[in-house]
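A short write-up of the structure that comes next.
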Amino acid sequence: MSTECSSFYNPDGVFVEAFSCPKPGNALFAVYCCGFNDVKYCCDDPNSFFPYEYGYMWWLSIGALVGLSIAAVVLLAFLITVCVLCYLFIATKPSRLDNGLPLRAPGQDQEIPAMDPVT
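With this note's numbering, the residue at position 53 of the sequence shown is 51, and numbering never jumps.
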């Protein structure tokens, strides 16, 4: 079994003639044409040929790195915001419960001072 790799121009612009896989001197199990439109080689995986240029993969990688970097910065900003808000919540919490009502024991008769009428 053998596969034919069609001719192509490599990234340096040099024309490479078509060749059959496996190439003489290579492993006998490398019977499939693999790689990209501008970089082809023989390998053992029938699903390793990608119908675009090799340089296109670098642009995908750079785009993925930029996207992941932005996502990491957003996540870091979110985590810092949560930590600051938690600290502020704990730091500004009153030390004791104060509902504004004076507490009296039952049965104590204390007079409530009368308020002066406003004239």
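The C-beta atom is built at its ideal place from N, Cα and C for all residues, glycine as well. As the structure is a prediction and not an experimental result, all values here were calculated from the model.
Where residue i falls: helix, strand or coil (DSSP)
{"i": "Val29", "result": "coil"}
{"i": "Phe131", "result": "Because the chain in this structure spans residues -1 to 117, residue 131 falls outside the shown range and cannot be described."}
{"i": "Phe6", "result": "strand"}
{"i": "Ser46", "result": "coil"}
{"i": "Phe76", "result": "helix"}
{"i": "Val64", "result": "helix"}
{"i": "Val12", "result": "coil"}
Straight-line gap, residue i to residue j (C-alpha atoms, nearest Å)
{"i": "Phe48", "j": "Leu74", "result": "36 angstroms"}
{"i": "Cys3", "j": "Ala16", "result": "5 angstroms"}
{"i": "Lys91", "j": "Gly61", "result": "45 angstroms"}
{"i": "Val29", "j": "Ser59", "result": "29 angstroms"}
{"i": "Val14", "j": "Lys21", "result": "14 angstroms"}
{"i": "Cys84", "j": "Val64", "result": "30 angstroms"}
{"i": "Phe87", "j": "Leu77", "result": "15 angstroms"}
{"i": "Lys38", "j": "Asn45", "result": "13 angstroms"}
{"i": "Val12", "j": "Cys81", "result": "58 angstroms"}
{"i": "Val72", "j": "Leu66", "result": "10 angstroms"}
Distance CB(residue i)-CB(residue j) smaller than 7 angstroms
{"i": "Phe27", "j": "Glu51", "result": "no"}
{"i": "Cys31", "j": "Thr1", "result": "yes"}
{"i": "Asn24", "j": "Cys41", "result": "no"}
Cβ-Cβ separation, residue j to residue i (assumed contact under 8 angstroms), whole Å
{"i": "Phe6", "j": "Asp36", "result": "6 angstroms"}
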